[in-house]
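All remarks here apply to the structure that follows.
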Amino acid sequence: MLQGDRVRLRALEPTDVEAIWSWHQDHELHVLDGWLYPASRGQIAEWLHGVGEPGFRDASFGIETEQGTLIGYVRLKRGSAEHRSADFGIAIAREHWDQGYGTDATRTMVRFGFEEMGLHRIELDVSVENPRAQHVYEQCGFRVEGVAREARWRFGQWVDMTQMAVLDREFRESITATA
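Quick note: the sequence shown, position 78, residue 115 per our numbering, numbers continuous.
Structure below.
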């Protein structure tokens, strides 16, 4: 278990399927998110089963409030072991938006990526239609690297994606600046 200031990141469990499936049904989450896609309960169960398997390339955790309520999940998907990079993703149930949980979960997971996984670079894509998330990522040390035009097909239209990344030294600097 990883402890943040407001959240705990804990192992995902088979019993989390229903909660995760319900978040995947939220249309606005799909519009705002860069990698979330509609998934069946079976696909989610299969993913959760794989999370604990030896050789699984992702670090994935459930996000819990201090009261123990599961409100989302976060993951780092390893890209290149040689280049020590990973893609970051997060999903939080709509009723828990704008309460600081996303910022804390992001900061906690990014710290884990650099300190425990030995990563050098963590990157993400965020919809240009989601400035709220981009602001959260900037608070956690991510910098805009560019915009990928018409990079995702979402609900019958092409969506531009802002590409962001943070390096291990930049993250340490952002933590020092906010302390």
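The beta carbon of each residue, even a glycine, is placed where N, CA and C say it ideally should be. These numbers come from a predicted model, not from an experiment.
Contact between Ala128 and Trp60 is confirmed by a C-beta separation of about 6 Å, below the 8 Å threshold. In this structure Met38 is exposed. Its beta-carbon is surrounded by fewer than 16 other beta-carbon atoms within 10 angstroms. Around the beta carbon of Met154, a 10 Å sphere encloses fewer than 16 other beta carbons of the protein chains shown; the residue is thus reported as exposed. Annotation: the continuous alpha helix (DSSP H) that includes Val54 extends over 54 to 61.
Taken atom to atom, the span from the alpha-carbon of Val54 to that of Phe208 is near 32 Å.
Within its own chain, the residues whose Cβ lies closer than 6 Å to the Cβ of Arg45, once the five positions on either side in sequence are excluded, are Met38, Glu101, listed in chain order. Within the same chain, Cβ atoms closer than 7 Å to the Cβ of Leu49 are found at Leu85, Val88, Ser97, Phe98, Gly99, Tyr110, the five residues on either side in sequence being excluded. Comparing alpha-carbon positions, the option among Arg115, Ile57, Ser117 lying closest to Leu107 turns out to be Ile57. Linking Asp162 to Gln104 through their CA atoms gives a straight-line distance of about 31 Å. Spatial neighbours of Leu156 in its own chain (CB-CB distance under 6 Å, excluding positions within 5 residues in sequence) are listed in chain order as Arg121, Ala123, Gly150.
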